[in-house]
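Just so you know, we're using the numbering used here here: the sequence shown kicks off at 2 and counts up by one.
Cβ coordinates follow ideal geometry from the N, Cα and C atoms, glycine included.
From a predicted model like this one, the values you see are computed outputs, not experimental measurements.
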Amino acid sequence: MNDPTTPRSTTRRTTRRSVLRTLALVGVLAGTSLSVLPSSAVAADGAPETYTLTIRHLDRTGAATGGYRTNVTGISGPGADASATPYDESGTVTVRLPKGRYLLDSTLTGTDPAAGTDWIVQPRLDLDHDTAITVDARTTAPVDVRPQEADARYLHSMAFVEATHEGATRSANLMMSRADLRVAHLGPAAEPGSVKEWIDTYWSGERADYALGYSFRSDRALTGLVRHPAPGALATVKVRAAAPDGATGTGFVDIQPSAGPTVGLVQPLNRLATATFLVTPERGLWDVGYAAPAAPETPPNRYFANDFAVRAGATTTHTFDNAVFGPALDTAPGARSAGVRDGDTLALDVPLLADGEGHAPTAPRFHDATTTLHRDGVLIGTRKGGPGRAEFTTTPGRAAYRLTATATHGSGPTAGGRTTASWTFTSAAASRPAELPLSTVRFAPALDLDGTTPAGALVRVPVTVQGAAAETGVRSLTVSMSTDGGATWTRAPVLDGRAGFRTRDRAGRSRSAPNSPTPRATPSRRRCGTPTGPDEPAPARTRRGNHERSGGGGTSPGAPPRHPHVPATVAAPPRHRPHHVTPRTWPASRRAHRRSPPPAAPRPPVPASPS
């Protein structure tokens, strides 16, 4: 981004999902660079038919300029795989290229780059005879996309264009670190709807950052663009960074449109803080990501929420790294299967430590992870490795299986919380890969960013079944709560998909272990409990259990599904706090993410007990 004009061109179809979350372009997808080809219009011995392309470059005064970069990219015809970046300091350059349809884009900066940048795009250049064109900066019009907040500060922007012909798509883009871009279309119109262009611009305001993106499809490239969206025309996206383990530090949040390629915005975000973005609904779906603070030499733990819709005047909130942690299944269409049997191989790939909203971490913090497989009650394998990931070899015949995955999360002094998920099902080898009928239960209580809920409050916990059981139905679902580390359980009533219980009515709030519940599941029970800690009172804050018991049973394809009585349990605050918990209390920040709230003084400890 140090260079105010960074042009790129590509020669293959762009992918939907951008990976430009660090404000850098992935790279240049270009074909073979051609600057000189045979001098004849029709070459002998089957050589490609070529023609001369002459390009003149004029600045905003109409004078010839050598301050340009021009890309010529083949789309279709014999020149589909050709590209060239011709240059001559005189401002006029000639190149020979094979016959075909081309995309031309030219960036002009003149002799003074501070005066601004002109980007001229010709999406239809049919090279079927010797051709001369003029790239004239005087034809451009400003790109003026900004919020109505007068003191907002420009950050960066990106313009991207795609041209499609005969089923092939080529693209070009320009990234800007200055708000002085002018653009223009050049040449004849292309086929209706064959040209797609989008511009994404980012600004920083007093209370929020702005992500203003607009997309267009027509037969021409843009000539100027003016948009000053009113506040009511924008959608609000909030990203909250939790700290259920009481840790501090600064992570990073990023936002960008889902449709790309494009460039996004990355900003620092303190734990226990909230980032606020105002975005344009016209740009379509959006993606956000959060990278939690990481120790030196440790990969960052990243979470993503992709392809979510926004609406003008409405607020969408995503909370990352908060309780209740536990298994989660990706229910999106076309998502990868959580468990698959392929012949005699059973493979499990379940995010065992997904956060409270079901975001799967890229680098989960765990101390130990074990997965076991039993066949007809006999242990046939134990695997160590990533949480919820394992592969086993079994025998072809039909049998009853129990698959159990356990992870002790955290590291160093914070290690100790445990999550266990167990599934039972029947399965046999088949002629093709088949999904395992796995299910899980998700618990989604409303928690503050430190993973706690007010003492003395009636807590309603949404309970959601995912996987095979959700598709075929569950006969019954019961929820229980534990306040003594899972030693005893008390039934909690479930109404309209929510389990309810009341925390102990004490002054203030009592805090429990950040990794308290030990998840465990069987075909007949699903529980969420809390481990036992030293005989030590909890401070004045009540924590909801932040790991879940989850699982389910069923049958593999080829046998009728079975979903027995499946109770589920949710943990209440433990009576005692594990030894690794440091009693500290912070208010959940409601400020912009650039402002980190200082820690508040801890409240006096108050023991917690079941209501």
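- Per DSSP, E358 is not a residue of any alpha helix (DSSP H), being assigned neither H nor E.
- Counting C-beta pairs with one atom in each stretch, the segment 397-414 and the segment 347-356 have three or more that are closer than 8 angstroms, which means they touch.
- Sixteen is the threshold: when 16 or more other Cβ atoms of the shown chains lie within 10 Å of the Cβ of A185, as they do, the residue is buried.
- Residues L349, T372, R384 of the same chain have their beta carbon placed closer than 6 angstroms to that of A391, with the five preceding and five following residues left out of the count.
- A residue is called buried when at least 16 other Cβ atoms come within 10 angstroms of its Cβ; Q149 does not meet this threshold and is exposed.
- Residue environment: T421 is assigned as buried (16 or more neighbouring CB atoms within 10 Å of its CB, all protein chains considered).
- A straight line joining the alpha-carbon of D201 with that of F278 spans about 14 angstroms.
- In the three-state reduction of the DSSP assignment, T318 falls in the strand class.
- For E472, the uninterrupted alpha helix (DSSP H) run begins and ends at 469-473, by DSSP.
- Under the DSSP assignment, H375 falls in the beta strand (DSSP E) whose first and last residues are 367-376.
- Residue pairing by DSSP puts E163 in a beta bridge opposite S172, K197.
- E283 sits in a helix when the DSSP states are folded into three classes.
- Ranked by how close their Cα comes to the Cα of T281, the residues L104, E358, Q257 have Q257 in first place.
- A distance below 8 angstroms between beta-carbons, with the five flanking residues on each side excluded, links K100 to the following residues of its chain, in chain order: P49, E50, T51, Y52, G78, P79, G80, L128, D129.
- For A400, the enclosing beta strand (DSSP E) covers residues 400-410.
- CA-CA distance, A209 to L156, rounds to 13 angstroms.
- DSSP places G233 within a helical segment (H, G or I) once states are collapsed to three.
- In terms of Cα proximity to L273, the closest of D451, S338, E298 is D451.
- Out of G206, T453, S107, the CA that lies nearest to the CA of G68 is found in S107.
- Contact annotation: N174 and P262 have beta-carbon atoms nearer than 9 angstroms.
- Distance between L98 and P87, taken at the CA atoms: about 11 angstroms.
- DSSP places R139 in the helix class (H, G or I) of the three-state scheme.
- Within its own chain, the residues whose Cβ lies closer than 6 angstroms to the Cβ of L187, once the five positions on either side in sequence are excluded, are I121, Q123, listed in chain order.
- At the C-beta level, V146 and V196 stay beyond 9 angstroms of one another.
- T491 and V466 have their alpha carbons spaced roughly 21 angstroms apart.
- Residues of the same chain with a CB within less than 6 angstroms of the CB of L182, apart from the 5 flanking positions on each side, are T118, V144 in chain order.
- Residue state for A336 is assigned as coil, using DSSP reduced to three classes.
- Here N307 has S259, D288 as same chain residues with Cβ atoms under 7 angstroms from its own Cβ, once five neighbours each way along the sequence are excluded.
- DSSP places P455 in the coil class of the three-state scheme, outside both helix and strand.
- In the three-state reduction of the DSSP assignment, A243 falls in the coil class, being assigned neither a helical nor a strand state.
- Note that the C-beta distance between T405 and G457 is not below 9 angstroms.
- Taking the Cα of A493 as reference, the smallest distance to any Cα among A471, R461, A180 is reached at R461.
- DSSP places P269 in the strand class (E or B) of the three-state scheme.
- Cβ-Cβ distances below 6 angstroms link T55 to T95, A133 in the same chain, with the five nearest sequence neighbours on each side left out; the list follows chain order.
- At a Cβ-Cβ threshold of 9 angstroms, R399 and S432 do not count as neighbours.
- By the Cβ neighbour-count rule, L105 is buried, with 16 or more other Cβ atoms within 10 Å of its own.
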